[in-house]
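*Asks:*
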Amino acid sequence: MLASEDDILGKAEAWARAGKGVAVATVVETWGSAPRPVGSHLVIDEDGTFLGSVSGGCVEGEVVTEALDVIGSGKAKLLEFGVADETAWRVGLSCGGRIAVYVEKVA
Amino acid sequence: MDIALLSALNAARAARQAAVLVTDLDGQMPGRVVTADRLADDPLAEAIRAAIRTGRSGLVPDTRTFLTVQVPPAQMVVIGAVHITQALIPLARSLGYEPVVIDPRTAFATADRFPDVSIHAEWPDVALPPLKVDRYTAFIALTHDPKIDDPALLHAFEKGCFYIGALGSRKTHAKRVERLGGQGASAEAIARIKAPIGLAIGAITPTEIAVSIMAEVIQAWRQGIA
Numbered sequence: 001m002l003a004s005e006d007d008i009l010g011k012a013e014a015w016a017r018a019g020k021g022v023a024v025a026t027v028v029e030t031w032g033s034a035p036r037p038v039g040s041h042l043v044i045d046e047d048g049t050f051l052g053s054v055s056g057g058c059v060e061g062e063v064v065t066e067a068l069d070v071i072g073s074g075k076a077k078l079l080e081f082g083v084a085d086e087t088a089w090r091v092g093l094s095c096g097g098r099i100a101v102y103v104e105k106v107a
Numbered sequence: 108m109d110i111a112l113l114s115a116l117n118a119a120r121a122a123r124q125a126a127v128l129v130t131d132l133d134g135q136m137p138g139r140v141v142t143a144d145r146l147a148d149d150p151l152a153e154a155i156r157a158a159i160r161t162g163r164s165g166l167v168p169d170t171r172t173f174l175t176v177q178v179p180p181a182q183m184v185v186i187g188a189v190h191i192t193q194a195l196i197p198l199a200r201s202l203g204y205e206p207v208v209i210d211p212r213t214a215f216a217t218a219d220r221f222p223d224v225s226i227h228a229e230w231p232d233v234a235l236p237p238l239k240v241d242r243y244t245a246f247i248a249l250t251h252d253p254k255i256d257d258p259a260l261l262h263a264f265e266k267g268c269f270y271i272g273a274l275g276s277r278k279t280h281a282k283r284v285e286r287l288g289g290q291g292a293s294a295e296a297i298a299r300i301k302a303p304i305g306l307a308i309g310a311i312t313p314t315e316i317a318v319s320i321m322a323e324v325i326q327a328w329r330q331g332i333a
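Those sequence lines, one after another, are chains A and B. In terms of the working numbering, the first sequence opens at residue 1 and continues consecutively. In terms of the working numbering, the second sequence opens at residue 108 and continues consecutively.
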């Protein structure tokens, strides 16, 4: 797992060096049962191509959307996700936990 | 995140160096990458040291400062393609250690006995240098043969492995201490050898001995590093 985490950040650097807009999303806090541990990364480029994960696939879609926004604005964001029931209009974590994800642009 | 920080993190990774990326989630302070050898001057030295020891990323307690921890993957080098080694390999793997086996005795070091393992049927002085043995390596000498184990142990001292263990009774080990001293190893280095190897859990079978060795490796890793 550590080795693949490294590949993720390696890829982020490679994309940025190739002139792409890139964002790195990191799980910074978890409460209750969370699918991916604190420190897990998802990297996203300006075309929406991504690598890694911050959940078991539940919230990646929304993180990618937010990341594109971060790439555009250059302003970092802290996202929180809880169970789907509480925020029915948004994506959520089926496992019942909560996570906080920090998304920042590579510049 | 400044791309220079991403670069520094990736470079540390390639060099098998522990490193921590420090990020202020409120964006008030610029981020920085701290490597294990540059810890002393850092205001967060204590928290960073603890993070490296556990290998876990997380917020510094009561702050908005996040530490992304990157620790090199642990390796395990085993000298001796013996029965205990066969039991030790799957155990080490399941705990995230990538094992390598070295034994110049070609009858022992066979792919039949060690399927899917990186195995070197060579003398330690030939096999070890290309392996990048380092402080994130657990080093285990199991041949019982001084011609093979001794030069390997000298290499492990030089590279500062976080765990160095050698098979053999107290009597065998006393002779080993004498021989290694005669070859110029310091008393301090020799004292680092765990011998008799493994935690004293009354292990008898090769698998039980492998468990006792693995437990001792975990203890050294979790309680000793950084």
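All residues carry an ideal CB built from backbone N, CA and C; glycine is no exception.
Taking contact to mean at least 3 C-beta pairs separated by less than 8 Å, is the segment 218–232 of chain B in contact with the segment 250–266 of chain B?
*Replies:* yes
*Asks:* Return the bridge partner residues of B:VAL207 from the DSSP annotation.
*Replies:* The residue labelled residue 207 of chain B in the question sits at position 100 within the second sequence. B:VAL207 is bridged to B:VAL184 and B:SER225.
*Asks:* State buried or exposed for B:THR192, treating a residue as buried only when at least 16 other CB atoms are found within 10 Å of its CB.
*Replies:* What you label residue 192 of chain B is simply residue 85 of the second sequence in a count that begins at 1. Its Cβ being crowded by 16 or more others within 10 Å, B:THR192 is buried.
*Asks:* Per DSSP, which one or two residues make a beta bridge with B:PHE264?
*Replies:* Here residue 264 of chain B is taken as the residue at index 157 of the second sequence, counted from 1. DSSP, once it has assigned bridges, lists no residue as partnering B:PHE264.
*Asks:* Excluding the five sequence neighbours on either side, which residues of its own chain have a C-beta within less than 7 Å of the C-beta of B:GLY331, listed in chain order?
*Replies:* On the second sequence, residue 331 of chain B is found 224 positions in, with the first residue counted as 1. Excluding positions up to five away in sequence, the list reads PHE269.
*Asks:* Look at B:GLY272 and B:ILE304 and say whether their C-beta atoms are less than 8 Å apart.
*Replies:* Here residue 272 of chain B refers to the residue found at position 165 when the second sequence is read from its first residue. Here residue 304 of chain B refers to the residue found at position 197 when the second sequence is read from its first residue. Result yes, Cβ atoms of B:GLY272 and B:ILE304 sit closer than 8 Å.
*Asks:* Roughly how many angstroms separate the alpha carbons of A:GLY56 and B:ASP257, rounded to a whole number?
*Replies:* Taking the first sequence and counting its residues from 1, one reaches residue 56 of chain A at position 56. Taking the second sequence and counting its residues from 1, one reaches residue 257 of chain B at position 150. Rounded to whole angstroms, A:GLY56 to B:ASP257 spans 48 Å at the Cα level.
*Asks:* Using a Cβ cut-off of 8 Å, pull out every chain C residue sitting near A:ALA16, in sequence order please.
*Replies:* Among the protein chains in the structure shown, which are A and B, there is no chain C.
*Asks:* Tell me whether A:HIS41 is buried or exposed, calling it buried when 16 or more other Cβ atoms sit within 10 Å of its Cβ.
*Replies:* Taking the first residue of the first sequence as position 1, residue 41 of chain A is located at position 41. By the 10 Å Cβ count, A:HIS41 comes out buried.
*Asks:* For B:ALA281 and B:ALA307, what's the separation of their Cα atoms in angstroms?
*Replies:* For the purposes of this step, residue 281 of chain B is taken as residue 174 along the second sequence, with counting starting at 1. For the purposes of this step, residue 307 of chain B is taken as residue 200 along the second sequence, with counting starting at 1. B:ALA281 and B:ALA307 have their C-alpha atoms roughly 18 Å apart.
*Asks:* In chain order, what residues of the same chain lie with their CB nearer than 7 Å to the CB of B:ARG123, ignoring the 5 residues before and after it?
*Replies:* As a first step, residue 123 of chain B must be located in the second sequence, where it is residue number 16. Excluding positions up to five away in sequence, the list reads PRO179, LYS239, ASP241 and TYR243.
*Asks:* Looking at chain A, which residues of the segment 119–138 of chain B have a Cβ within less than 8 Å of any of its Cβ atoms?
*Replies:* Of all residues in the segment 119–138 of chain B, only ARG120, THR130, LEU132 and GLY134 place a beta-carbon less than 8 Å from a beta-carbon of chain A.
*Asks:* By Cβ distance below 6 Å, which residues in the same chain neighbour B:VAL140 in space, the five residues on each side in sequence not counted?
*Replies:* What you label residue 140 of chain B is simply residue 33 of the second sequence in a count that begins at 1. Same-chain partners within the cutoff: LEU112, ALA115, LEU116, ALA126 and LEU128.
*Asks:* Over what stretch of residues does the beta strand (DSSP E) that includes A:VAL64 continue unbroken?
*Replies:* The residue given as residue 64 of chain A occupies position 64 in the first sequence. Per DSSP, A:VAL64 belongs to no beta strand (DSSP E); it is in the alpha helix (DSSP H), 60–73.
*Asks:* Does B:VAL176 come within less than 8 Å of chain A when only Cβ atoms are used?
*Replies:* Taking the first residue of the second sequence as 1, we reach residue 176 of chain B at position 69. Under the Cβ distance rule, B:VAL176 counts among the residues neighbouring chain A, one pair being separated by less than 8 Å.
*Asks:* Leaving aside the five residues before and after B:LEU274 along the sequence, list all residues of the same chain whose C-beta is less than 7 Å from its C-beta, in chain order.
*Replies:* Residue numbering aside, residue 274 of chain B sits at position 167 when the second sequence is read from its first letter. Around B:LEU274: ALA248, LEU249, HIS251 and ILE304.
*Asks:* Of the residues B:ASP148, B:ARG171 and B:ALA147, which one's Cα is nearest the Cα of B:MET136?
*Replies:* Reading the second sequence from its first residue, position 29 is the one you call residue 136 of chain B. Considering only alpha carbons, the answer is B:ARG171.
*Asks:* When the Cα of A:VAL38 is compared with those of B:GLU265, B:GLU285, B:THR161 and B:THR279, which residue comes out closest?
*Replies:* For this step, residue 38 of chain A is matched to residue 38 along the first sequence. Looking at the Cα atoms, B:THR161 is the closest of the given residues.
*Asks:* Starting from B:VAL233 and walking both ways along the beta strand (DSSP E), at which residues does that stretch end?
*Replies:* Here residue 233 of chain B refers to the residue found at position 126 when the second sequence is read from its first residue. That residue, B:VAL233, is in no beta strand (DSSP E); its alpha helix (DSSP H) goes 231–234.
*Asks:* Using the beta-carbon count (16 or more within 10 Å), is B:GLN290 buried or exposed?
*Replies:* Here residue 290 of chain B refers to the residue found at position 183 when the second sequence is read from its first residue. With fewer than 16 Cβ atoms within 10 Å of its Cβ, B:GLN290 is classed as exposed.
*Asks:* For B:HIS251, does the three-state DSSP call read helix, strand or coil?
*Replies:* Numbered from 1 along the second sequence, position 144 holds the residue referred to as residue 251 of chain B. DSSP places B:HIS251 in coil when its eight states are reduced to three.
*Asks:* Which residue marks the beginning of the alpha helix (DSSP H) containing B:ALA296, and which one marks its end?
*Replies:* Indexing the second sequence from 1 puts residue 296 of chain B at position 189. Where B:ALA296 is concerned, the enclosing alpha helix (DSSP H) stretches over 294–298.
*Asks:* Under three-state DSSP, which class holds B:ARG220?
*Replies:* Within the second sequence, residue 220 of chain B is the residue found at index 113, counting from 1. The three-state reading of DSSP puts B:ARG220 in coil, since its state is none of H, G, I, E or B.
*Asks:* Measure from the C-beta of B:LEU198 to each C-beta in chain A and report whether the shortest distance is under 8 Å.
*Replies:* One-based indexing of the second sequence puts residue 198 of chain B at position 91. Not one chain A Cβ lies under 8 Å of B:LEU198.
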